[in-house]
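In our numbering, the protein residues as written are 2 to 283.
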């Protein structure tokens, strides 16, 4: 764990140079050079997959996107660079991980991003304003998850979409303790899967897809698909040894084994069990 006296902003400044955390900070796009991190995210497999989602649901450049919980603005930059009209919302004003950082990226990279300092539970926008609300690893920071989802529902246009990606899911206190011991920048606001699903649907959104940890590269990035496959094969070899050749020959059994490994993929990625959700306002 990090020094409890460090603020989030102080941790972001100090930890990229700490050998214990530097790789994780880099993977979290919290390396010291914010502009480089933003460009790296825009070129990432994760964002390529997001663009695929957007195309699938007929979201074209020029659509209005609300990036909620925008943090240091890496994804706001990526969406804006791709030609979307982006409004970025974050409660933090800082130039390390908040609105100041987004402003610096927008100015230095010459992209247009509307930046608003606010919390997700009380969004300062009129109803029916956005085609997409994009939330990356931010729902679990909500002080009131139900209130945040209701606000998302309110500001979406009819037919508008919610992409909530890489949300950390815990099943019990032990899982939470293990996760927090590995990740230097997270607080105690985490939810079980059923709470996320309930909040999304209670807000009035129609849930279209639930992506489990191994269902999409968005969840297991920065691991590659090949790395995930290697992990699955190695874990199967460890468990089944000589029986593996017969085991993997039965495709149905192999796929069932992969699904069961969803539960502990966080042990490899270091990011907990990440789920993603797609929902629509009717």
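Backbone N, C-alpha and C fix where the C-beta goes; we use that ideal spot for every residue, glycine too. Predicted, not measured: the structure shown is a model, and the values here were computed from it.
According to the Cβ coordinates, are residue i and residue j closer than 8 Å?
i	j	result
residue 275	residue 220	yes
residue 283	residue 159	yes
residue 119	residue 87	no
residue 210	residue 279	yes
residue 114	residue 77	yes
residue 207	residue 155	no
residue 204	residue 153	yes
residue 192	residue 141	yes
residue 112	residue 82	yes
residue 75	residue 42	yes
residue 144	residue 277	no
residue 98	residue 121	no
residue 170	residue 194	yes
residue 218	residue 110	no
Contact defined as beta carbons within less than 8 Å: I believe residue i pairs with residue j. What is the distance between those atoms, to the nearest angstrom?
i	j	result
residue 84	residue 131	Not quite, the Cβ-Cβ distance comes to about 16 Å (not below 8 Å), so this is no contact.
residue 201	residue 150	6 Å
residue 79	residue 48	5 Å
Tell me the DSSP bridge mates of residue i?
i	result
residue 280	163, 208
residue 275	169
residue 131	157
residue 218	Its beta-bridge partners do not exist; DSSP assigns none.
residue 30	Looking at the DSSP assignment, residue 30 forms no beta bridge with any residue, so it has no partner.
residue 197	Paired residue(s): none; residue 197 is not in a bridge.
* Should the stretch 104-118 be regarded as contacting the stretch 32-40, the criterion being three or more beta carbon pairs within less than 8 Å? -> Yes, the stretch 104-118 is in contact with the stretch 32-40.
Worksheet entry | Continuous alpha helix (DSSP H) assignments of at least 4 residues falling wholly in the stretch 34-121 | 35-43, 46-57, 75-82, 100-110
Between the stretch 131-146 and the stretch 58-70, do at least 3 Cβ pairs fall closer than 8 Å?
yes
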